[in-house]
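Chemist: In the numbering used here, the protein residues as written are 3 to 297.
A virtual CB, placed ideally from N, CA and C, is assigned to each residue, including glycine.
Spelled out as structure tokens, the structure:
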């Protein structure tokens with residue numbers, strides 16, 4: 003007849019199991035995090051690949067937009083939310099408007115992109131977000147079309163602007179509190195059917211639809227819902243949200259970046275991205291990702 007475990011033996015067994023779990027669980031957490039990063043890279047690579055071939059097939063520029071999930075089909079003036087995931091969506095080039103004035107002024111020359119019909123959004127894995135690769139750059143960068151520099155483009159990364167306020171912002175909640183949001187939440191990668199990925203310099207683009215705005219009082223479209231109105235016409239009083247195109251992405255843990263807090267400087271945030279982010283270049287022709295983009 004087999005005897006039962008004694009109390010001492012049970013304590014020894016439980017202790018051994020606890021030690022094994024203590025060793026294994028951090029490794030499992032790292033493995034899970036690494037798996038999410040790999041899954042995100044594969045997902046982004048596939049989306050960019052399809053966008054490039056869509057540009058070739060349509061003989062038209064196609065853009066991939068990276069954005070917070072709740073900006074996907076809603077007012078992008080709303081602040082981002084903790085714990086939400088990043089979405090990818092594709093847009094077609096639908097035309098340009100060129101006005102009089104300085105030829106490089108982005109508020110005179112505008113390229114319009116509209117959401118591809120029937121193309122569902124792609125959602126990245128939990129807690130893995132992409133920032134523009136240029137966010138890692140420590141050199142000085144001139145914002146396209148403007149006569150002054152914002153300094154270190156990584157420390158003061160900029161994505162959106164209005165015609166009346168050329169100080170580009172990231173998150174309305176932080177704007178009202180006097181500072182930018184922690185990271186670049188909304189950006190484009192643009193493919194041209196002839197030249198491939200557009201990376202010669204940051205270009206400014208205007209996405210039609212779901213951009214909050216207010217038309218001038220003498221415009222006959224006043225009173226129409228913003229998301230419909232801006233899809234059709236943009237008056238001088240509209241807030242025209244523009245997004246850059248970039249040369250690659252840097253994947254990072256969203257929760258870790260947000261843990262830096264609102265008091266963290268742009269340099270603090272860039273230091274985190276440079277230290278913990280995974281940089282990828284985008285193939286100019288083909289759209290796939292290449293690990294290890296230059297910093």
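Check whether the Cβ atoms of residue 39 and residue 253 sit closer than 8 Å, and answer yes or no.
Modeler: yes
Chemist: Using a Cβ-Cβ cutoff of less than 6 Å, which residues in the same chain neighbour residue 132 once the five nearest sequence positions on both sides are dropped?
Modeler: 68, 251 and 253
Chemist: Name the two residues that bound the continuous alpha helix (DSSP H) containing residue 259.
Modeler: 256-260
Chemist: How far does the beta strand (DSSP E) with residue 67 in it extend, from its first residue to its last?
Modeler: 64-70
Chemist: Does the distance from the CB of residue 293 to the CB of residue 284 come in under 8 Å?
Modeler: no
Chemist: From what residue to what residue does the beta strand (DSSP E) around residue 73 run?
Modeler: From DSSP, residue 73 is part of no beta strand (DSSP E); its letter is neither H nor E.
Chemist: Give me whichever residues DSSP pairs with residue 198 in a beta bridge.
Modeler: Paired residues: 194.
Chemist: Return helix, strand or coil for residue 178, following the three-state DSSP convention.
Modeler: Residue confidence is low: residue 178 scores 40 on pLDDT, short of 50, so the model does not pin down where it sits. Its coordinate-derived value is still stated next. Note: residue 178 maps to helix in three-state DSSP.
Chemist: I need the straight-line Cα distance from residue 118 to residue 93, nearest angstrom please.
Modeler: 5 Å
Chemist: DSSP has residue 89 in a bridge; who is on the other side?
Modeler: 69 and 125
Chemist: Compute the Euclidean distance between the alpha carbons of residue 259 and residue 41, then round it to the nearest angstrom.
Modeler: 20 Å
Chemist: CB-CB under 6 Å to residue 96, same chain, minus the five flanking residues each way: which ones, in chain order?
Modeler: 114 and 116
Chemist: Can you name, in chain order, every residue of its own chain whose Cβ lies under 6 Å from the Cβ of residue 18, other than the five neighbours on each side?
Modeler: none
Chemist: Please classify residue 14 as buried or exposed, where buried requires at least 16 other C-beta atoms within 10 Å of its C-beta.
Modeler: exposed
Chemist: Measuring alpha carbon to alpha carbon, tell me which residue in 127, 87 and 16 is nearest residue 45.
Modeler: 127
Chemist: Any idea which residues DSSP pairs residue 280 with across the strands?
Modeler: 253
Chemist: From which residue to which residue does the beta strand (DSSP E) around residue 133 run?
Modeler: 130-134
Chemist: Does DSSP classify residue 117 as helix, strand or coil?
Modeler: strand
Chemist: Taking the alpha carbon of residue 188 as the reference point, which residue from 90, 279 and 272 has its own alpha carbon closest?
Modeler: It is 90 whose Cα lies nearest to the Cα of residue 188.
Chemist: Near residue 52, which residues of its chain fall below 8 Å by C-beta distance, leaving aside the five closest residues on each side in sequence?
Modeler: Around residue 52: 92 and 289.
Chemist: Given residue 198, which residues of its chain have a CB within under 6 Å of its CB, disregarding the five upstream and five downstream residues?
Modeler: 286 and 287
Chemist: Helix, strand or coil, according to DSSP, for residue 248 in the structure here?
Modeler: coil
Chemist: Any beta-carbon of chain D closer than 8 Å to the one on residue 255?
Modeler: Absent from the structure is chain D; it holds one protein chain and no more.
Chemist: So the candidates are 190, 35, 60 and 201; which of them puts its Cα closest to the Cα of residue 130?
Modeler: 35
Chemist: Give me the Cα-Cα distance between residue 279 and residue 255, rounded to the nearest whole angstrom.
Modeler: Residue 279 and residue 255: Cα-Cα distance of roughly 8 Å.
Chemist: Look at the Cβ atom of residue 193, then the Cβ atom of residue 54, and state whether they are nearer than 8 Å.
Modeler: The answer is yes: Cβ separation under 8 Å.
Chemist: With residue 138 as the anchor, note down where its beta strand (DSSP E) starts and where it stops.
Modeler: Here residue 138 belongs to no beta strand (DSSP E), and DSSP marks it neither H nor E.
Chemist: DSSP three-state call for residue 263: helix, strand or coil?
Modeler: coil
Chemist: Which whole-angstrom value is the C-beta distance of residue 65 and residue 191, which I expect to be below 8 Å?
Modeler: Between residue 191 and residue 65 the Cβ distance is about 7 Å, and since that is below 8 Å, they are a contact.
Chemist: Nearest to residue 200 by CA position, among 123, 122, 57 and 72, is which residue?
Modeler: 57
Chemist: Quick test of your reading: residue 43 and residue 195, contact by CB under 8 Å. State the CB separation rounded to the nearest angstrom.
Modeler: Actually they are not in contact, since the Cβ atoms of residue 43 and residue 195 sit about 25 Å apart, beyond 8 Å.
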